[in-house]
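Residues are numbered in this note's numbering as their position in the sequence shown, beginning at 1, plus a constant of 744.
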Amino acid sequence: MPADTLPNLGHGRPYVAIPGPSVIPDRVLGAMHRASPNIYEGALPAMMPDLTRDLRAAACTTQHVAIYVSNGHGAWEAALANTCAPGDRVLSLATGRFGHGWAEMARGLGLEVTQCDFGRSSPVDPQAVEDALRADTHHRIRAVLATHVDTASTVRNDIPAIRAAMDAAGHPALLLVDAIASLGCEPLRMDDWGVDIVVAASQKGLMTPPGLGFVWASDKALAASRKLKGRSPYWTWDNRIAPEFFYQYFGGTAPTHHLYGLRAALDMLIHEEGIAAAWTRHRRLAQAVWAAAEAWGNGGAMALNIADPAQRSHAVTALRLNPPDASRLRHWTETQAGVTLGIGLGMAEPGDPAWHGYFRIAHMGHVNAHMVLGALGAIDAGLKALSIPHGPGALDAATTALMQL
Ligand SMILES: *Cc1c(COP(=O)(O)O)cnc(C)c1O
């Protein structure tokens, strides 16, 4: 049957499998469905000590956390505004799209950027980091900007190896890590790994609507920030980290409903499932996606953007097809099966025919085996309906991979 005469099977609960905003649990939505709370006393202000404790647990740190009413870009800016002044230099490690975005923001703040670009399908080479830092003999570089998981290329960088390279170079720069895609999905141990700043946002592994940015800071980062002159009053983290009054957590009115949503999300992630179990769940779901992709690739153009499984994100997977098949497939799964797949962000410019040769499957946050198998099944059906050449056995391979430890 030609694709356009198939019965439409898209009506039902949609699954938006894009890498943020991720699937929001009904419990989080339900917790937000309430009248405006009192922001001066009562349950909401009383919630904060436990909320910040659980946020620290999510990043495996006992140090500090600041909350911003912002998206991830706001958290990026907050991290830079508290550690660097105009004219300071940062070392940017780019492995896809997001490292470049953070570097652009640094330039916009008047910082000088030394750029190390590792392309769109490879992780950071720690030796290059060590070399760049050794070349900085006057220690002008104040911060190293690393992306844990680049959500466009879906590479995962080895943060402890980057830390080791900084130590080997004997360089005093702070290590700043963008964990917006990875936090809550893959192992991230801020204190054990010697990370000075972690940035994240609410709408990916933390399963809450977009609107909260988080910056975790080490004692060393805090001490460095105190030496900066003329820090932006809004982005300064001092009061947010150690507020005297409730409003100071947020530099103004609290993001009331988001806080209730986040409370429910952290109950699920930290207290019920446990962060380590959530990491394991994401790893196994990722392995199912990779197994399916490899099977499709045995007999067609489908290929994983990151060749080495050890360098692949457990939160999102970027895939290649011959253009325009990736866009055709996305359109089919969304309209015919209710599964929205991610676009191939940053791999080619929109308008370039190559743009239609990439797509992404997000498996971050509130997703389980049946959801991922459903998405893979929809892709399998789409490949068949659109006569896109592909190898057989993808769903068998996925279920087998799910059973592996
Ligand atoms: C989503 C994302 C961002 C941007 O976050 P926004 O909330 O869209 O500002 C930055 N870095 C990474 C790694 C991301 O996944």
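Ideal placement from N, C-alpha and C gives every residue a C-beta, glycine not left out.
Cβ-Cβ separation, residue j to residue i (assumed contact under 8 angstroms), whole Å
i	j	result
His1001	Met776	4 angstroms
Thr806	Asp935	6 angstroms
Gly1086	Ile885	Not confirmed; about 33 angstroms, so no contact.
His1110	Ser766	7 angstroms
Leu950	Leu1006	7 angstroms
Ala876	Thr858	6 angstroms
Ala1129	Trp1076	6 angstroms
Pro1067	Pro1097	5 angstroms
Buried/exposed call for residue i, threshold 16 Cβ in 10 Å
i	result
Tyr784	exposed
Met1147	exposed
Ser946	buried
Met745	For Met745, the predicted structure reports a pLDDT of 49, less than 50, and the residue's modelled location is therefore unreliable. A value from the coordinates is still provided. When all chains shown are included, Met745 counts as exposed.
Ala1119	buried
Ser1131	exposed
Asn1049	buried
Asp1140	exposed
His755	exposed
Asn752	exposed
Asp1069	buried
His1114	exposed
Phe989	exposed
Gln1080	buried
Leu1003	buried
Ala1008	buried
Thr1144	exposed
Gly786	exposed
Gly863	exposed
Asn901	buried
Gly1018	exposed
Gly831	exposed
Glu1038	buried
Gly774	exposed
Pro870	buried
Pro793	exposed
Arg1056	buried
Ser1071	buried
Glu1078	buried
Ala1051	exposed
Residue j beta carbon less than 8 angstroms from that of residue i
i	j	result
Ala913	Glu856	no
Ala890	Leu919	yes
Ile941	Ala961	yes
Glu821	Met791	no
Ile811	Phe994	yes
Trp1040	Leu1117	no
Val888	Gly840	no
Leu1089	Asp798	no
Ile906	Val959	no
Ala1030	His1107	yes
Ala1032	Ala1142	yes
Ile1014	Ala801	yes
Pro916	Trp937	no
Pro758	Gly1082	yes
Gly1135	Asn1042	yes
His922	Val943	The amino acid at residue 922 is misidentified as His; the sequence shows Asp. Cβ atoms of Asp922 and Val943: closer than 8 angstroms.
Pro760	Thr1084	Checking the sequence, you will find Val at residue 760 rather than Pro. Taking 8 angstroms as the Cβ cut-off, Val760 and Thr1084 qualify as a contacting pair.
Ala1138	Ala1036	yes
Any non-hydrogen atom of ligand 1 closer than 7 angstroms to residue i Cβ
i	result
Phe990	no
His817	yes
Phe842	yes
Pro867	no
Asp922	yes
Pro954	yes
Ala838	no
Gln947	yes
Pro1155	In this structure the chain extends from 745 to 1149, so residue 1155 is not present and cannot be described.
Thr895	yes
Ala890	no
Ala913	no
Ala1045	no
Ala925	yes
Three CB pairs or more closer than 8 angstroms across the segment 929-938 and the segment 1020-1027: With a cut-off of 8 angstroms on Cβ pairs, the segment 929-938 is in contact with the segment 1020-1027, counting three or more such pairs.
Cβ contact (3+ pairs, closer than 8 angstroms) linking the segment 1057-1073 and the segment 876-896: In short, these stretches touch, since the Cβ pair count reaches three.
Cβ contact check for the segment 975-991 and the segment 818-826: 3 or more pairs under 8 angstroms: yes
Touching by the beta-carbon criterion (3+ pairs, under 8 angstroms), the segment 959-969 and the segment 761-780: no
Contact between the segment 842-851 and the segment 996-1015 (3+ Cβ pairs under 8 angstroms): Taking a cut-off of 8 angstroms on C-beta distances, the segment 842-851 does not touch the segment 996-1015, as fewer than three cross pairs fall below it.
Meets three-Cβ-pair contact criterion under 8 angstroms: the segment 807-817 and the segment 944-959: Touching, per the Cβ criterion.
Contact the segment 876-887 vs the segment 795-809: 3+ CB pairs below 8 angstroms: no
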